[in-house]
Amino acid sequence: MPAAVIIDNLTKRFGPFTAVDKISLTVETGEIFGFLGANGAGKTTAIRMLCGLLLPTSGHGRVGGFDIFKESDKIKKTIGYMSQKFSLYGDLTAYENLWFYGSIYQLKNSVLKDRINELSESLGLTEFLKQKSGPLPLGWRQRLALAASLLHRPQILFLDEPTGGVDPVFRRKFWEVLYGLADSGTTLFVTTHYMDEAEYCRRISIMHRGKIIEMGPPHELIARHGKPDLQELFIDLIREKDKNAQD
Amino acid sequence: MTVVQAYNITKTYGGKPAVESFSLKADKGELVALVGPDGAGKTTLFRCLCGLLEIDRGEIMLAGFDIKKEFDHIKPLMGYMPQNFSLYPDLSVEENLDFYAGLFDIRGDNLKTKKARLYEFSGLGPFAKRRAGRLSGGMKQKLALSCNLIHDPEILILDEPTTGVDPVSRRQFWEILKNLKTSGSTIIVSTPYMDEVALADRAIFMYRGKAMTEGTPAQLAAQFRGKVFRADILPSPEDMRRLNDIKGISSRRFGSTVHVYIGTAENIENLRQPLSGVGIDIDKISPVPPDLEDTFIQFMEQ
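Protein sequence lines correspond, in order, to chains G and V. Basically my numbering = 1-based index in the first sequence + 3. Basically my numbering = 1-based index in the second sequence + 1.
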């Protein structure tokens with residue numbers, strides 16, 4: 004099976020500012036990969052390039068087998084994107100929201116109907132379908148956003164802080180759903196500020212000022228650096244790099 | 002000295018109690034964390050503590066004043082940062098501070114001194130002229146906190162103040178809270194993140210309007226009933242199903258590992274056979290201390 008994401012020396016410059024500086028990584032099909040970094044480290048810029056929304060300055064990259072320079076249209080159909088800030092229409096019901104997003108992907112009505120039913124069942128959304136999305140508790144809205152991002156059956160799903168602000172019980176359930184997706188071959192590319200969430204990933208990378216400064220399975224990184232947990236590891240690494248940059 | 006004392010308070014909406022017979026006590030200089038699932042009643046509780054909602058039953062005393070009878074005395078002593086605290090995005094950092102200072106009638110040299118101190122601990126000084134809308138998430142939260150500190154409140158109530166903030170900024174935010182505590186502030190903070198709960202003096206697990214348990218973070222983690230082991234394997238979905246079918250075991254995946262939970266009285270040795278059937282060699286697993294999240298989830302599942 005080819006890797007889901009391969010990037011090599013990927014770089015993006017905005018004028019004199021290098022937002023993403025020669026990053027390289029490979030994410031295997033069905034892997035859950037955590038893409039971490041402080042605010043402003045360049046994560047969003049990198050993801051926008053991977054999603055075919057922003058043309059890189061240099062380097063190489065393939066997402067779902069398609070070239071990020073030349074085949075961004077094909078990439079857009081291959082991937083899904085779910086964010087904490089994912090826009091659901093609060094005045095529409097859960098079902099209407101799903102119908103709307105499915106229509107954007109030009110799914111046939113009969114196909115769309117089946118997929119909405121299927122996803123609602125697997126994500127436990129069925130009883131909420133007729134309710135307006137706005138007043139739903141945050142945890143349910145996030146599941147609804149996940150369902151919307153899965154309607155076109157993306158091979159690769161980008162999750163941008165998927166569980167920000169969600170309570171631990173909900174967060175654990177959400178991750179069970181994500182593991183289920185990974186088991187069925189969907190590749191998950193996750194950004195998060197929360198290290199307990201990062202520990203759910205099979206591998207993580209840590210980005211700082213445009214560069215990837217560390218990469219590997221969470222518990223291996225913790226052991227290698229002799230830190231009590233990922234949180235301490237992350238903070239110490241970033242502070243050390245910031246300090247070096249100032250010296 | 003007890004600064005915050007809520008005794009047996011109940012707040013009902015349309016017949017349904019959002020907060021029920023809840024008691025909370027915090028001493029001067031103490032930081033108490035409140036953690037619970039969505040809808041547990043944390044925000045309602047906070048609004049009651051700030052006097053924004055009237056309680057149906059019970060008693061709230063803040064800095065020795067009764068919230069029902071002496072609210073005017075309490076108001077200047079309180080700082081409340083709600084979940085979506087509004088900064089004015091078109092105003093600069095300094096203008097936002099000036100605005101909140103104006104609400105408390107703080108001006109002139111007094112304002113100058115206070116701003117200098119807030120800039121010092123928040124690190125926002127170099128950004129004083131930057132518009133609030135152009136700050137990073139972490140800086141916005143620090144500015145929101147600063148706005149709530151302009152009148153030197155003795156009691157600070159913070160409703161999920163770090164949502165969406167990166168780990169380094171979150172750590173800085175908590176270092177600020179620690180300094181405030183040291184200088185005598187009493188802080189009540191809600192958070193969905195257990196790494197933050199671990200930094201509190203005491204924490205309360207809240208569920209359906211009630212306090213389930215409370216204690217120091219170490220006491221809470223010690224309330225977990227059972228043992229946790231870590232196996233460094235990547236199980237197939239089928240293995241996971243079979244693992245969870247083994248009597249006396251629950252498990253969850255954790256990145257490139259699996260955590261296996263067994264009862265306190267259970268001996269892992271007795272599970273050698275069934276575990277090896279799903280690819281887990283008990284000679285290769287290691288015990289891990291249960292964390293706050295394990296305890297929290299166990300309480301919620303009861």
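Backbone N, C-alpha and C fix where the C-beta goes; we use that ideal spot for every residue, glycine too.
{"Asked": "Please tell me whether G:His-228 has its Cβ less than 9 Å away from any Cβ of chain V.", "Found": "no"}
{"Asked": "Let's test the definition: count the other Cβ atoms within 10 Å of the Cβ of G:Leu-58 and tell me whether it reaches 16, buried, or not, exposed.", "Found": "exposed"}
{"Asked": "Round the Cβ separation of G:Leu-236 and G:Lys-230 to the nearest angstrom and send it over; I've been treating them as touching at under 8 Å.", "Found": "4 Å"}
{"Asked": "Could you tell me whether the Cβ of G:Met-85 comes closer than 9 Å to any Cβ of chain V?", "Found": "no"}
{"Asked": "When you compare each of V:Leu-136, V:Gly-185, V:Phe-225 and V:Ser-87 to V:Glu-302 by their alpha carbons, which one comes out closest?", "Found": "V:Phe-225"}
{"Asked": "Using the Cβ count rule (16 or more neighbours within 10 Å means buried), how would you classify G:Ile-82?", "Found": "buried"}
{"Asked": "Can you tell me which of the three DSSP states G:Gly-40 falls into?", "Found": "strand"}
{"Asked": "Output the distance between the C-alpha atoms of G:Glu-99 and V:Tyr-8, rounded to the nearest integer angstrom.", "Found": "45 Å"}
{"Asked": "Could you pull out every residue in the same chain whose Cβ sits closer than 8 Å to the Cβ of V:Leu-1, ignoring the five residues on either side in sequence?", "Found": "The shown model of chain V, from 2 to 303, leaves out residue 1 of chain V, and the question about it has no answer."}
{"Asked": "Give me, in chain order, the residues of the same chain whose beta-carbon lies closer than 6 Å to that of V:Trp-175; leave out the 5 immediate sequence neighbours on both sides.", "Found": "Leu-200"}
{"Asked": "Output needed in chain order: residues of the region 142–169 of chain V with a Cβ under 7 Å from some Cβ in chain G.", "Found": "Glu-161, Thr-164, Gly-165, Val-166, Asp-167, Pro-168 and Val-169"}
{"Asked": "Can you list, in chain order, the residues of its chain whose CB lies under 7 Å from that of V:Gly-280, leaving out five sequence neighbours each side?", "Found": "Ile-234, Pro-236 and Asp-240"}
{"Asked": "Since G:Ser-61 and G:Ala-97 should fall inside the 8 Å C-beta cutoff, what is the C-beta to C-beta distance between them, to a whole number of angstroms?", "Found": "G:Ser-61 to G:Ala-97, Cβ: 43 Å. No contact."}
{"Asked": "Apply the 10 Å Cβ neighbour rule to V:Pro-38 and answer buried if 16 or more other Cβ atoms are within range, or exposed otherwise.", "Found": "buried"}
{"Asked": "For G:Asp-163, which residues in chain V fall below 7 Å Cβ to Cβ?", "Found": "Result: empty, since nearest Cβ-Cβ is about 11 Å, beyond 7 Å."}
{"Asked": "Based on Cα-Cα distance, which residue from G:Thr-189, G:Tyr-182 and G:Ala-248 lies nearest to V:Arg-253?", "Found": "G:Tyr-182"}
{"Asked": "My assumption, with CB atoms under 8 Å, is that G:Ala-6 sits in contact with G:Val-23. Please give the rounded CB distance.", "Found": "With 8 Å as the limit, G:Ala-6 and G:Val-23 do not qualify as a contact, their Cβ atoms being about 19 Å apart."}
{"Asked": "Considering only residues of the same chain and omitting the five flanking positions on each side of G:Ile-9, which have a CB-CB separation below 6 Å?", "Found": "Thr-29 and Arg-65"}
{"Asked": "Between which two residues does the alpha helix (DSSP H) carrying G:Ala-150 extend?", "Found": "141–153"}
{"Asked": "Does any residue of chain G bring its CB to less than 9 Å from the CB of V:Asp-282?", "Found": "no"}
{"Asked": "Anything in the region 284–300 of chain V with a Cβ closer than 7 Å to a Cβ of chain G? List those residues in chain order, please.", "Found": "Glu-294, Phe-297 and Ile-298"}
{"Asked": "Touching or not, the region 19–35 of chain V and the region 184–192 of chain V, by the rule of three or more beta carbon pairs under 8 Å?", "Found": "yes"}
{"Asked": "Checking 9 Å against the spacing of the C-beta atoms, do V:Asp-80 and V:Leu-144 come in under that value?", "Found": "Reading off the sequence, residue 80 of chain V comes out as Gly, not Asp. For V:Gly-80 and V:Leu-144, no; Cβs fall outside 9 Å."}
{"Asked": "Under 9 Å, Cβ to Cβ, is there at least one residue of chain V near G:Gln-234?", "Found": "yes"}
{"Asked": "Along the beta strand (DSSP E) that carries G:Ile-215, what are the first and last residues, could you check?", "Found": "214–219"}
{"Asked": "Would a C-beta distance cut-off of 9 Å place V:Tyr-42 and V:Glu-21 closer than the cut-off?", "Found": "Reading off the sequence, residue 42 of chain V comes out as Gly, not Tyr. Cβ distance < 9 Å, so V:Gly-42 and V:Glu-21 count as in contact."}
{"Asked": "Excluding the 5 residues preceding and the 5 following V:Leu-293 in the sequence, name in chain order all residues of the same chain whose CB lies nearer than 7 Å to its CB.", "Found": "Met-195, Val-198, Ala-199, Pro-218, Leu-221 and Ala-222"}
{"Asked": "Under 9 Å Cβ-Cβ, which residues of chain V neighbour G:His-52?", "Found": "Here the sequence assigns Met to residue 52 of chain G, which means His is not the residue at that position. Within chain V, no residue comes near G:Met-52; the closest Cβ sits about 21 Å away, beyond 9 Å."}
{"Asked": "V:Met-241 by DSSP, collapsed to three states: which one?", "Found": "helix"}
{"Asked": "May I have the straight-line CA-CA distance separating G:Ser-296 from G:Phe-161, to the nearest angstrom?", "Found": "What is shown of chain G runs 4 to 250, which leaves residue 296 of chain G out entirely."}
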